[in-house]
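Line order of the protein sequences matches chains A and B.
Residue numbers 9 to 438, in the working numbering, belong to the letters of the first sequence in order.
Residue numbers 9 to 438, in the working numbering, belong to the letters of the second sequence in order.
Even glycine gets a Cβ: it sits at the ideal position worked out from N, Cα and C.
Please read these numbers as outputs of a predicted model, since none were measured by experiment.
There are 2 protein chains.
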Amino acid sequence: MRLDVGEAGFAAQFEALVDARREADADVARDVATILRAVRDEGEAAVAAFTRKLDGHDLAETGWRIEPADCRAAYEGLEPELRAALDLAAARIRTYHEKQKPEDSEWVDEAGVRLGARWRPVDAAGLYVPGGRAAYPSSLLMNAIPAKVAGVGRLVMTVPTPGGQTNALVLAAAHLAGVDEVWRIGGAQAIGALAYGAGRIARVDVVTGPGNAWVAEAKRQVYGVVGIDMVAGPSEIVVVADAKNDPEWIAADLLSQAEHDTVTQSILFTDDAGFADKVAEAVDRQIPELATATVARAAWDANGAIIVVPTLDEAMPLVDRLAPEHLQIATDDPQALFDRVRHAGSVFLGRYTPEAIGDYVAGPNHVLPTGRRARFASGLSVLDFMKRTSFLGLTEESLKVLGPATVALAEAEGLPAHARSVALRLRLNR
Amino acid sequence: MRLDVGEAGFAAQFEALVDARREADADVARDVATILRAVRDEGEAAVAAFTRKLDGHDLAETGWRIEPADCRAAYEGLEPELRAALDLAAARIRTYHEKQKPEDSEWVDEAGVRLGARWRPVDAAGLYVPGGRAAYPSSLLMNAIPAKVAGVGRLVMTVPTPGGQTNALVLAAAHLAGVDEVWRIGGAQAIGALAYGAGRIARVDVVTGPGNAWVAEAKRQVYGVVGIDMVAGPSEIVVVADAKNDPEWIAADLLSQAEHDTVTQSILFTDDAGFADKVAEAVDRQIPELATATVARAAWDANGAIIVVPTLDEAMPLVDRLAPEHLQIATDDPQALFDRVRHAGSVFLGRYTPEAIGDYVAGPNHVLPTGRRARFASGLSVLDFMKRTSFLGLTEESLKVLGPATVALAEAEGLPAHARSVALRLRLNR
């Protein structure tokens, strides 16, 4: 789709891009509710039944768990170049996330009140790793390493193994990341097992990780029973690029999103109509050369857009409306445009920062808010695996300072026992 | 309920306390889904209809908004003692939450990669304030002030006004906290209006605030469309107290939770059976003296418990199982026991720190995780009104360092356009 800000009808066309519904529908929600209820009520029998039906293997035969020794063997069996790449990714992800660790705080204020906050990891985290077409070891590292950095004691992973087939690269990544348990289950039934527990699978406290529409909806439905990272929908990229870029590079960037799934969205803003033409041509030329051509073609045709703006400055309010998961700014001075961005999951600055670098080895998390949720949500972080306990301590003296106001407010709110709990200690006549 | 760790059957009885289902049932979920769908599809007409039906007033007559001038007048009309109490509360809540503001970070690592994270407030936040029996100005301060500290530009409040009646204390608090818009609506329809927008009410990005079972379920259902603080369920307190406490004080503390609602849970752990008896007697003696006696009696009878443990140390693993919203440790050395706590929303240390102090003026937030959610969730904070954008910038040189590993991983994951976006820039022959 080619849009021009100056043309009649632009506002409505852009609105359609912003509002594009690429999310789970009501049927998915109903199916997922049925699966979750079955897992909650019937435990591992339900998990086994859904796995037989949906993944085509019998857990009693294939085994429920993938053993640590198998993961280690997969890691050791990797070809050296790939193992080094995984090692580099893990090390850089770890370093970036270590800077996210929150500090505890404690102070005594002028009223003599001791105040503070203390962070602790959750006891157990469940990591969903997609199987089949989207079997991504990088996802595993991006989920497992922040949990490890947080200090989570029990790291549980689920990964579907359709037809019983495992993915050596995923198992290798599990070994590298230090995952404690690996279960060969997937889909909504895996999310249910993690949230409610299911026989041999003990429940966890937080469930994270990307998945298809069923997995995303299942996470939404168990939210509150456990913590989750964020409802994940289809991916998107916005590229802001001037005419000084190589159109082939920008076309590859747009396609690196499109090849993920037919529902992903790739949008280019440029201030040069001729460059827009060249990128469109490069996209069409590159697609047939990709092993992922069918998916990329469908995604680009359905959800791709090139938008010509008078100046790149004028693109930025539109970018904020889109609140994209990924934003690439390919100009000589990307910082000037980045300063104007309020809503984006992760931003890739300059001509030599293709989004793919962030998917693997840069360090920041690639689990990011999709579907305009960067308006209010953040990428996965160490904080998603920790929680904060506030605390306070008063002395008799400081209670004298704060007590009367508390009594006044409690009485005004009609809560006499609240008032009494303070008044008794101060021997107030209430 | 009186339990003793040493008695037969304790494990099962305690398990029942941990698992007590005090949450919304399926009927509530269905009703809420119906209301939310109507508000999403029909906008303000649906909001007006539900308000007429459930709150008993016609918004066309009472007006949709409560004007800023009315809020200011309510504040100025407060009796001086109460106004001073509200002022003290607001100032102390602000000071505490200002310490939560996250810092942006940026660095260049040894590979020459620029990395960092940037925090920004959400554009608009919606604050739910309960009406009717639970019309709490303190809730408003606890929700509005963190949003203001975060830098949220548009602060929207909804408060039901049953029969059209407003609550002067709530309006005064709205003025004090700097709320920008006040709408006289409540229930699931208010949550729907905030999440989806409804005619004159523009949608927000985050919805926070406590409410009844319908409000809590509505927040759960719109999660993902907007951010929410946490699914809020009935409140609970756990008090850990030795025999050196005044049983009347501890009884008042337990009742300060029980008087909120018939489904709240109050649990005392003590190492002295005689003290347990005295607290039980004090509870029974105090209840009839409360204006909230009916609610407190029902809550205590249904969900109250006194548990005798051999030593208070032995109570702490049980406290972690309960992961209570509020934990009061009333001993000479509360820190020793606090050091052993992993899961609690907020902790009140020492004999002179009744939980009620934290409800109003201490400073930490009183919107806290309930229903065992302190296992994975935190109290409301400035972070709930902000989001983090990660960023990275590579040079041609640093892309040479990270590029080959990215190409290797992308190819291993079957994503050729990812690999190409890097390879083209490095002029690699792929």
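Any Cβ of chain A within less than 8 Å of the Cβ of residue 428(B)?
yes
When the Cα atoms are used, what is the spatial distance from residue 122(A) to residue 226(A)?
42 Å
Tell me, please, whether the CB atom of residue 179(B) is closer than 8 Å to any CB atom in chain A?
no
Determine the contact status of residue 262(B) and residue 291(B), defining contact as a CB-CB distance below 8 Å.
yes
For the beta strand (DSSP E) containing residue 162(A), list its first residue and its last residue.
162-166
So, residue 299(B) versus residue 424(A), is the Cβ gap smaller than 8 Å?
yes
What residues in its chain sit with their C-beta under 7 Å from that of residue 301(B), if we drop five residues either side in the sequence?
Closer than 7 Å at the Cβ level, and outside the excluded window around residue 301(B), lie 295.
With residue 212(B) and residue 167(B) assumed to form a contact (beta carbons below 8 Å), what rounded beta-carbon distance in angstroms separates them?
No, residue 212(B) and residue 167(B) are not in contact; Cβ-Cβ is about 15 Å, not under 8 Å.
In three-state DSSP terms, what is residue 269(A)?
coil
Could you give the first and the last residue of the continuous beta strand (DSSP E) run that contains residue 123(B)?
122-129
Does residue 48(A) come out as helix, strand or coil in the three-state DSSP assignment?
helix
Compare the C-beta of residue 204(A) with all C-beta atoms of chain B and state if any pair is closer than 8 Å.
no
Work out the CA separation of residue 260(B) and residue 411(A) for me, nearest whole Å.
15 Å
Using 10 angstroms around the beta-carbon of residue 432(A), count the other beta-carbons present and answer buried if the total reaches 16, otherwise exposed.
buried
Taking 7 Å as the limit between beta carbons, can you name the residues of its chain near residue 354(B), skipping five residues before and five after?
So the list reads 334, 366, 372, 376, 387, once near-sequence residues are dropped.
What are the boundary residues of the beta strand (DSSP E) that includes residue 189(B)?
Run containing residue 189(B): 189-191, per the beta strand (DSSP E) assignment.
Assuming residue 105(B) contacts residue 390(B) (C-beta within less than 8 Å), just tell me the rounded distance between them.
5 Å
Determine the extent of the beta strand (DSSP E) in which residue 295(B) is found, giving its start and end residues.
Looking at the DSSP string, residue 295(B) is not in any beta strand (DSSP E), and its letter there is neither H nor E.
Establish whether the CB of residue 269(A) and some CB of chain B are separated by less than 8 Å.
no
Where are the alpha helix (DSSP H) runs, 4 residues long or more, that stay fully inside the region 208-291 of chain A, in chain order?
Segments of the alpha helix (DSSP H) lying fully in the region 208-291 of chain A: 221-230, 255-266.
Going by C-alpha to C-alpha distance, which of 200(B), 254(B), 248(B), 279(B) sits closest to residue 228(B)?
200(B)
Would you say residue 397(B) faces chain A, with C-beta separation under 8 Å as the test?
yes
Looking at residue 337(A) and residue 275(A), is the spacing between their C-beta atoms short of 8 Å?
no
Determine, using beta carbons only, whether residue 418(B) comes closer than 8 Å to chain A.
Taking Cβ atoms only, chain A reaches closer than 8 Å to residue 418(B), which makes this a yes.
What does a CB cutoff of less than 8 Å around residue 407(A) pick up in its chain, not counting 5 residues either side in sequence?
430, 433, 434
I need the straight-line Cα distance from residue 71(A) to residue 97(B), nearest angstrom please.
58 Å
So with CB distances below 7 Å, who are the chain A contacts of residue 104(B)?
123
Using a 10 Å radius around the Cβ and a threshold of 16 neighbouring Cβ atoms, would you call residue 40(A) buried or exposed?
Buried, since its Cβ has 16 or more Cβ neighbours within 10 Å.
Using a Cβ-Cβ cutoff of 8 Å, what residues of the region 207-218 of chain A are near chain B? List them in chain order.
213, 214
Reducing DSSP to helix, strand and coil, say where residue 381(B) ends up.
In the structure shown, residue 381(B) sits in a helix (DSSP, three-state: H, G or I).
Quick one: list the residues of chain B neighbouring residue 275(A), beta-carbon separation under 7 Å, in chain order.
In chain order: nothing, as chain B lies at least about 16 Å away.
Find the residues of chain A that neighbour residue 356(B), judging by a C-beta separation of less than 8 Å, and give them in chain order.
399, 400, 401
Mark residue 63(A) as exposed unless 16 or more other C-beta atoms lie within 10 angstroms of its C-beta, in which case mark it buried.
buried
When the cut-off is 8 Å and only beta carbons count, does residue 390(A) lie next to chain B?
no
Determine, for residue 49(B), whether the minimum Cβ-Cβ distance to residues of chain A falls below 8 Å.
No, residue 49(B) lies away from the interface with chain A (no Cβ there is under 8 Å from its Cβ).
Quick one: give me the first and last residue of the alpha helix (DSSP H) that residue 426(B) is part of.
424-434
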